[in-house]
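S.K.:
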Amino acid sequence: TERTLVLIKPDGVKRNLSGAILARVEAKGYTLAELKKVDATREVLEEHYAEHEGKPFYEPLVEFMLSGPIVAAIFEGERVIEGFRSLAGTTDPTTAAPGTIRGDFGRDWGTAVQQNLVHGSDSPESAEREIGIWFGK
Ligand code: GTP
Ligand code: MG
Numbered sequence: 003t004e005r006t007l008v009l010i011k012p013d014g015v016k017r018n019l020s021g022a023i024l025a026r027v028e029a030k031g032y033t034l035a036e037l038k039k040v041d042a043t044r045e046v047l048e049e050h051y052a053e054h055e056g057k058p059f060y061e062p063l064v065e066f067m068l069s070g071p072i073v074a075a076i077f078e079g080e081r082v083i084e085g086f087r088s089l090a091g092t093t094d095p096t097t098a099a100p101g102t103i104r105g106d107f108g109r110d111w112g113t114a115v116q117q118n119l120v121h122g123s124d125s126p127e128s129a130e131r132e133i134g135i136w137f138g139k
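Quick note: the sequence shown uses the UniProt record's numbering, first residue 3, plus one each step.
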């Protein structure tokens with residue numbers, strides 16, 4: 003069965019939305035396999051976001067992800083990677099569809115990076131890579 007890495011970013015944790023977000027993923031039918039709250043290190047974030055190095059939002063993104071604790075989870079289920087990304091909504095929370103996590107809980111706060119509450123792996127390869135980074139397996 004497929005696995006994905008879900009992160010609740012510092013904005014979601016600070017706003018006390020972790021439970022509400024996890025509840026939506028569980029209610030969809032996916033199984034929570036691992037869960038922890040972590041203060042990410044710069045090293046972990048640079049590995050996680052390696053594909054974005056050099057982009058204008060890269061440094062603000064890393065700083066934002068260092069700004070508070072993160073909730074990291076592994077969810078399992080058939081097609082969970084695309085299922086979670088559908089639940090999360092598109093990257094920009096201002097225009098993410100209502101009914102999605104980003105669409106219902108997110109907005110533009112005028113910061114250099116989009117604070118969009120969650121991360122979900124985008125392919126089986128990135129899921130296994132990211133699970134290794136955050137959970138070491
Ligand atoms: P993740 O699930 O977090 O990976 O989001 P995503 O796959 O929808 O976006 P992507 O991997 O392309 O970018 C990673 C993160 O960088 C996003 O979630 C945003 O927080 C931020 N980001 C991406 N594109 C932009 C952009 O064009 N401008 C700004 N300000 N931030 C961006
Ligand atoms: Mg991404």
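Backbone N, C-alpha and C define an ideal beta-carbon position, used for all residues, glycine too.
#1: Could you tell me if residue 13 is buried or exposed, where buried requires 16 or more neighbouring beta carbons within 10 angstroms of its beta carbon?
#2: For a test of the three-state rule: what should DSSP assign to residue 24, helix, strand or coil?
#3: With a threshold of 7 Å (Cβ to nearest heavy atom), would residue 124 be considered close to the ligand MG?
#4: What is the residue span of the beta strand (DSSP E) that residue 77 lies within?
#5: Between residue 114 and the ligand GTP, is the CB less than 7 Å from at least one heavy atom?
M.R.: A quick look at the data gives this:
#1: buried
#2: helix
#3: yes
#4: 72-78
#5: yes
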